[in-house]
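> After the structure tokens below, expect a handful of questions from me.
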């Protein structure tokens with residue numbers, strides 16, 4: 001792969017930072033006395049993956065004004081994310097409990113985020129003019145506007161300015177039915193925001209959800225759905241999707257597909273036989289797409305994103321901490337996992 | 001000490017069950033990747049201490065309808081607490097983060113309980129008629145009615161019935177200024193509830209808070225304050241207090257004092273030079289008082305409570321897990337901590 | 001599946017509670033400094049699985065009168081098992097060391113149970129009249145009567161009363177050659193006890209062992225063996241069996257089969273590719289059978305038991321802690337292990 | 001201190017190797033899911049301390065023929081103890097559970113050793129002729145002959161041969177009332193064995209126990225008791241004793257005293273304010289006495305033993321792992337614990 | 001205390017980043033299977049303490065070009081330290097093993113730093129013009145120039161430019177005899193560098209070492225020594241010193257003294273009775289001095305530094321992570337360590 | 001298999017002992033706070049495997065004169081390796097960091113060994129006359145002579161004496177390109193040393209490396225290469241090789257092949273589907289070859305070595321700790337991993 005001239009402009013991510021709490025050693029919460037914890041959140045994960053790959057990233061969010069918020073902030077800094085747009089407010093940080101599944105047992109997630117510091121964000125707390133200065137990408141997901149009216153309005157203000165500035169807006173439409181409790185329909189909100197976006201990350205499920213359509217889940221359905229999406233939202237230029245086969249919780253297969261307005265692209269399927277951590281794999285894909293759009297052709301970007309996604313399954317935490325070089329190796333087919341000395 | 005004929009009637013406790021999360025190994029949260037967790041809560045701690053001593057206890061509360069609530073429920077059962085009055089509701093369990101202090105560094109606590117399953121309790125969720133059947137004691141603390149209007153009203157309903165039934169009502173007035181956000185003044189509420197109580201656990205600070213008074217913190221102030229308290233709240237028959245000298249976070253001294261309406265009682269001071277866990281020591285004292293009132297004279301009860309309080313400092317968790325025999329030994333002066341084979 | 005009207009009568013289990021000690025993190029004992037511990041024992045595991053599914057269970061056993069016994073008792077309570085028939089005696093709790101195998105390396109078990117508190121049980125220590133009051137099922141395994149004469153006689157007394165009372169007696173014939181040191185032949189004892197049982201859990205191996213026969217291990221052998229068994233022990237009404245293919249220690253396949261006196265039933269095979277803990281999987285099957293007999297048709301019961309067995313492989317500990325709903329999902333074919341939010 | 005010419009002859013220790021199991025992190029067993037484990041046993045601890053100081057040591061015992069025995073054996077080798085007289089037999093290794101106390105809470109010990117591999121030792125299993133070849137010291141404690149008749153007889157055979165060979169026999173009379181269940185009185189047995197010993201490690205308590213006497217616990221009582229002891233057991237040449245003041249479980253003071261037949265010796269008192277592990281401190285003293293007798297004057301030996309005992313309180317495990325140089329520094333008064341770079 | 005107008009200019013620290021490896025749980029390395037690790041180094045610790053207090057800090061060093069260097073870099077970022085002057089080179093990161101002492105047992109340190117990435121630093125690798133732009137303080141210690149000729153020359157270049165620019169140069173003369181293996185005498189080098197410094201952190205020992213003098217260790221000696229120091233090195237304006245009484249490794253007392261050219265200042269003594277981690281306490285003092293010089297009077301600065309030093313003893317790691325508010329509280333006398341809710 | 005008369009002569013191994021440091025729980029170093037550590041090194045691993053199988057082994061090396069060296073020495077003793085030829089010198093022990101890979105993510109290794117205690121070994125430090133007394137085998141690998149000139153010369157002296165004495169010299173040619181920094185070409189050195197060796201462990205890659213040849217990697221290439229090797233190095237009598245298929249880091253397949261000068265031998269392929277630890281698997285094969293040469297026919301030896309190699313993948317650490325009996329079972333085809341009670 002040949003790199004495009006790297007642009008030094010920064011990437012902005014907007015979304016909640018959550019603390020993840022998991023009983024250690026495959027225990028059920030009932031049996032445990034200790035929990036491992038991580039900080040994550042879909043857009044922050046994208047940002048951290050990109051920062052880890054050497055890209056300049058800034059994250060926009062509210063965190064709690066306590067020892068938990070201090071630790072979240074330190075973690076953002078640790079991953080190399082710029083924190084000048086992170087505000088401390090007097091509400092607790094959102095969190096979730098995760099009982100990690102295995103083989104044919106599913107992971108169980110239980111959220112505590114409805115009254116979080118992020119849910120209390122409001123447009124006047126973010127100086128988008130300053131945040132978006134010198135930005136190249138603005139990334140959001142379908143989770144954030146589902147949290148609260150404030151999150152929706154804050155995000156919308158950002159997207160509108162981004163469009164004015166010609167900033168590429170990427171959206172990962174990860175739809176979550178158990179949010180959206182604040183009085184608006186998800187479709188209404190997401191339509192509003194997708195209409196301000198440029199790159200769509202999602203597949204037939206998300207397109208059907210958004211368009212109230214019924215495209216089939218095969219290649220043809222993906223192409224037809226993507227076309228319909230672009231028709232309704234003409235700012236959307238490309239659709240990137242990862243297709244997952246869940247053999248079971250510990251054994252996953254992944255391939256990427258893309259409709260870039262001109263042709264259908266597809267990667268080989270990667271297989272992860274001993275999954276370490278399933279969380280954040282979609283975010284690793286999204287980060288891979290963005291990194292790829294900055295540096296590679298669409299085809300190379302898709303391969304890169306798929307490899308990044310596969311590699312996220314193989315280590316702990318919400319964030320993909322594998323470097324560009326290792327991702328490229330897997331993208332080029334080296335999947336034997338031999339020791340590097 | 002000679003035991004009074006043990007009555008088999010049960011003890012009811014009412015209050016929130018919280019998950020405590022602490023970074024392991026004296027780390028700051030910022031430095032940690034793991035947390036130890038415990039379930040506690042001031043009244044539940046009292047109940048668990050009593051159950052551990054062989055008393056029949058039932059706890060009244062709401063917990064979350066998820067894996068966290070399942071684990072809380074299992075913990076209550078494990079400690080031998082009756083759980084037939086524990087309800088599962090669709091709100092998250094309250095929790096707090098504790099960064100454990102040491103020597104001249106204070107512990108830091110950060111709460112996430114304002115929208116918890118317990119805060120959403122309401123009088124119609126508790127069948128007090130059934131709960132108080134065959135009860136001898138009902139225990140509450142000044143924390144619960146500070147959480148929400150629902151907690152206040154639910155508790156009040158229970159206290160009123162308890163008074164009708166002639167059940168002894170014990171109150172530990174542990175005052176917390178950072179609660180009481182739901183629109184009522186703490187004094188108004190606490191006056192209302194203390195007027196329905198029989199045994200007051202607290203000292204000059206709590207009495208001054210409640211009476212808006214200014215008694216001195218010495219023996220004379222304690223006696224005068226206790227008398228004033230009993231005058232205002234004539235159902236109160238006895239006042240039990242533990243007096244703490246905090247040399248530093250790792251070195252504490254404790255003695256108990258009591259005004260039983262007739263005379264002033266005081267224990268010797270116990271010294272804990274290498275504190276393991278400070279949380280729940282007041283609850284261990286309250287449980288000791290209740291156990292003592294069931295089985296011993298006031299003087300023996302006070303000694304027992306003070307020893308129980310001291311011993312709680314020496315092991316992990318919110319609950320005093322030391323048995324009656326060991327508490328009695330310390331109450332009788334055996335504080336050398338020699339190995340028992 | 002349609003549930004039969006749930007009967008509220010309780011289930012009694014009888015057998016040893018053992019402490020399991022395993023070096024953490026796949027270490028050999030030789031390399032370790034820490035051990036994970038669990039409390040289990042084949043009949044207690046069945047009881048705990050059932051209690052976890054909401055059934056009322058009471059366990060009959062002797063435990064040690066020390067801190068180990070205290071912890072065992074607390075664990076029984078935690079799982080929701082009734083403990084009024086658990087006695088504390090001055091003998092140590094039985095225990096075993098388990099070095100957990102992986103892939104083509106076998107797990108190694110080393111027992112220390114010959115002089116345990118349970119081995120010292122005797123018929124006069126159990127008030128079977130009281131224990132079996134209002135009971136619907138009594139469950140035992142072929143391990144318990146192999147421990148000591150006292151265990152054999154105590155169990156026999158219970159089975160005889162159960163038969164008089166019309167209680168369903170389930171037996172899991174898990175045969176262990178390294179027991180049976182107290183002077184009786186295993187066949188003599190097991191014949192005696194199986195003749196008092198109603199539901200037989202076991203396969204061709206166990207039938208051959210019991211009948212000194214040589215049935216083949218295929219479907220035909222299983223049917224013929226089951227028929228021969230029922231002929232010799234006419235109280236036996238149904239035979240439930242799980243068939244395991246051990247690809248290696250980390251990869252197992254399981255299906256269930258049943259001869260209910262009328263027809264042969266068989267489930268699809270479930271595959272567990274990343275086994276977390278192999279211990280207690282047979283007990284999860286037995287518990288599934290009993291739960292199924294209470295609530296479902298034989299076919300549904302068999303599917304339920306097989307799914308429960310498969311799910312036990314996927315988490316730590318001797319006890320199946322997966323709930324009814326999750327078991328039903330797997331029983332109905334959802335084995336992809338996708339995250340539940 | 002000036003070292004005596006070091007003799008290269010070896011030291012023999014005889015006694016049980018036990019596995020110690022303690023819940024981690026100051027938890028009660030009831031609250032824990034993990035245990036730390038160590039191998040120890042009073043005479044083995046003495047041997048390991050000496051081996052760690054560079055002395056050639058051989059230990060005589062029976063261990064279990066399983067993964068637990070393998071780990072015990074590896075631990076002996078790791079400490080540099082010769083294992084050619086360690087036999088594997090088909091009985092489980094003895095073990096004990098230790099709930100570690102703190103401040104005014106005592107440690108709790110619960111044993112499981114009555115049917116252990118060591119309890120099943122018998123004289124024909126030990127080739128004392130070979131074991132005592134080239135030996136300078138043979139060390140035993142009052143615990144071993146309390147375990148079983150076989151242990152008593154095996155030890156006696158060794159002591160008799162040692163006396164014939166002119167080997168110095170050291171005895172630490174650590175008396176344990178909860179042993180001695182095999183039908184002999186402790187006094188009868190201990191008198192028999194002390195009469196074959198040369199160096200007595202113990203104080204007024206042990207002397208009173210042995211002589212059925214009532215010497216006072218002050219200096220005068222110690223001298224008078226030692227004289228009476230030597231009168232009754234004329235082979236005894238010197239008495240070494242450590243005097244412990246237990247401020248509480250976490251704060252100990254220690255000094256040593258000695259009656260060497262000619263004069264009374266006493267060390268300064270050492271203070272351990274933050275005890276890490278109390279187990280094995282007496283054995284560290286005994287090892288210090290033996291090391292001292294080999295290399296130093298009586299006064300220096302006493303100082304050395306007292307410092308070794310104090311240092312054992314400051315690290316985990318049953319064995320003193322502090323080297324000669326560090327012990328000498330403390331013996332000479334350097335107790336400030338400053339970092340060594 | 002009243003804060004001086006905060007200047008926003010940054011603070012530069014120069015020195016090695018080391019990985020510290022310590023066996024967990026007070027174990028000796030010999031007994032352990034796990035180590036806790038931290039990144040530290042005397043000047044980095046100062047920088048991290050200051051960054052944690054909200055000051056802008058930049059650290060100058062070389063780290064390894066591998067996973068260890070990646071983790072070191074992430075840690076610097078996490079603490080909020082600017083890393084634009086950190087270079088990755090193909091030499092391993094320096095490290096040390098620390099066996100943590102307790103009570104009268106000393107900690108043992110073993111270094112592996114002689115061929116480290118920092119030891120291979122050279123003047124041309126640091127662009128001091130750029131680094132010192134907008135700097136207010138440059139901090140160094142006596143350790144760095146003892147590592148290698150390159151470290152000495154690199155530091156000297158920085159100090160010379162700092163003097164030209166009028167930047168305050170602070171030096172903590174922590175002398176280590178086991179460095180200085182590269183062919184220069186420590187006195188020659190340190191004289192050279194102290195002559196370029198403004199604030200001297202150290203006491204009579206360091207002054208005697210530097211001046212080859214023999215001042216007494218009392219107040220008079222400190223004043224006389226400070227005067228002599230300033231005479232010889234006229235750029236030195238103030239001398240700050242902490243005086244430690246090591247009761248034992250777990251119990252320390254600390255007070256600060258200062259000669260500011262005009263008068264002698266002294267703090268009250270603070271006592272730490274249960275030391276958690278002794279490492280980095282001197283660096284916490286130095287950071288406190290620098291923070292104090294920026295914001296407070298000399299007397300307030302000394303109190304602040306002493307409180308910061310005391311608080312560093314109470315938590316894990318090389319870096320003081322306690323915030324300004326907490327330090328001020330202790331500086332003002334609140335040392336009871338009561339819980340903060 | 002029939003054992004050959006066991007010869008009691010000992011086996012000598014020569015090479016570096018390294019400390020391995022790995023972040024626990026599949027974490028990246030960046031995310032971790034704890035590391036697991038092990039001591040290993042290719043030839044020491046071979047020695048420890050053999051000692052674990054009951055063979056008398058002595059290891060020749062230099063270790064550090066500090067707490068790390070103490071722990072390394074204790075580990076050698078623990079595994080039953082003779083340590084009389086291990087010297088303590090004032091250089092740090094070599095070490096490496098290992099980030100453990102999983103599925104398609106590779107493990108990453110980072111070394112710190114260039115200035116280690118072993119790198120500083122020299123011929124005059126080893127008394128080969130004494131070491132090789134009564135030896136039957138001397139084992140070396142291609143790693144040791146790549147470390148330093150001193151290591152090369154020391155090894156060469158040993159090999160020359162071994163040849164004189166008729167001792168079988170086994171070489172595992174594990175080639176590492178990132179060593180060989182001391183000024184000699186690897187081929188020159190390895191040719192020199194292989195010419196002094198008897199048994200060659202390696203495959204076509206190693207043969208091609210050594211002979212600068214280009215044999216194909218199939219059976220024919222292996223036979224042709226082995227013949228060419230024996231032609232050039234006529235002392236070589238047999239070539240043993242393991243062939244690895246790396247499905248991914250967690251899934252490996254292994255078979256062994258041998259050219260014994262007369263015929264080609266090959267084992268069945270063993271599959272490890274859930275790899276626990278890949279490190280030391282080649283050394284387990286080499287130890288299996290040596291054990292096999294001592295006790296079995298070539299064919300049995302090859303099967304044994306292949307099974308030992310497979311089993312090393314299934315537990316933690318650098319050393320194969322599985323016993324002879326278990327290896328033989330797998331060698332004979334029992335790979336189902338069923339529990340052994």
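Chains as they are written, first to last, in the UniProt record's numbering: chain U, 1 to 341; chain H, 1 to 341; chain R, 1 to 341; chain Z, 1 to 341; chain Y, 1 to 341; chain V, 1 to 341.
All C-beta atoms, glycine included, are put in the ideal place defined by N, C-alpha and C.
Secondary structure at residue 179 (chain V), three-state DSSP: helix, strand or coil?
The residue labelled residue 179 (chain V) in the question sits at position 179 within the sixth chain. Residue 179 (chain V): coil per DSSP, three-state reduction.
> Using a cut-off of 7 Å between C-beta atoms, extract the partners of residue 28 (chain V) located in chain U.
Locating residue 28 (chain V) in the sixth chain gives position 28, where the first residue counts as 1. Result: 315, 321.
> State the Cα-Cα distance for the pair residue 6 (chain V) and residue 287 (chain V), rounded to the nearest angstrom.
The count along the sixth chain starts at 1 and reaches residue 6 (chain V) at position 6. The count along the sixth chain starts at 1 and reaches residue 287 (chain V) at position 287. Confidence is the limiting factor: at residue 6 (chain V) the pLDDT is only 46, short of 50, which leaves the residue's position unreliable and the question unanswerable from this model.
> Could you spell out the range, first to last residue, of the beta strand (DSSP E) harbouring residue 136 (chain Y)?
Position 136 of the fifth chain, counted from the start, is the residue given in the question as residue 136 (chain Y). 135 to 141 is the extent of the beta strand (DSSP E) around residue 136 (chain Y).
> Going straight from the alpha carbon of residue 1 (chain U) to that of residue 261 (chain U), what length do you get?
To locate residue 1 (chain U), count along the first chain from 1; it is residue 1. To locate residue 261 (chain U), count along the first chain from 1; it is residue 261. Bear in mind that a pLDDT of 41 at residue 1 (chain U), under 50, signals an unreliable position, so the model cannot answer this.
> Quick one: what does DSSP say residue 102 (chain Y) is sitting in, helix, strand or coil?
Counted from its first residue, the fifth chain places residue 102 (chain Y) at position 102. It is a strand residue.
> What are the start and end residues of the beta strand (DSSP E) that includes residue 271 (chain Z)?
As a position in the fourth chain, residue 271 (chain Z) is number 271, starting the count at 1. Segment 270 to 272, the beta strand (DSSP E) holding residue 271 (chain Z).
> Hey, could you find the ends of the beta strand (DSSP E) residue 190 (chain Z) is sitting in?
Taking the first residue of the fourth chain as position 1, residue 190 (chain Z) is located at position 190. Premise fails: residue 190 (chain Z) lies in the alpha helix (DSSP H), 186 to 194, not in any beta strand (DSSP E).
> Chain Y partners of residue 251 (chain H), CB-CB under 8 Å?
If you number the second chain from 1, residue 251 (chain H) lands on position 251. In chain order: 273, 274.
> Enumerate in chain order the residues of its own chain whose CB-to-CB distance from residue 233 (chain Z) is below 6 Å, with the five nearest sequence positions on each side excluded.
Residue 233 (chain Z) sits at position 233 when you count from the first residue of the fourth chain. Closer than 6 Å at Cβ, skipping near neighbours: 194, 195.
> Does any CB atom of chain U fall closer than 7 Å to the CB of residue 328 (chain R)?
Locating residue 328 (chain R) in the third chain gives position 328, counting from the first residue. Not an interface residue.
> According to the neighbour-count rule (16 or more other Cβ atoms, all chains shown, within 10 Å of its Cβ), is residue 38 (chain U) buried or exposed?
For the purposes of this step, residue 38 (chain U) is taken as the residue at position 38 of the first chain. It is buried - the Cβ of residue 38 (chain U) has at least 16 other Cβ atoms within 10 Å.
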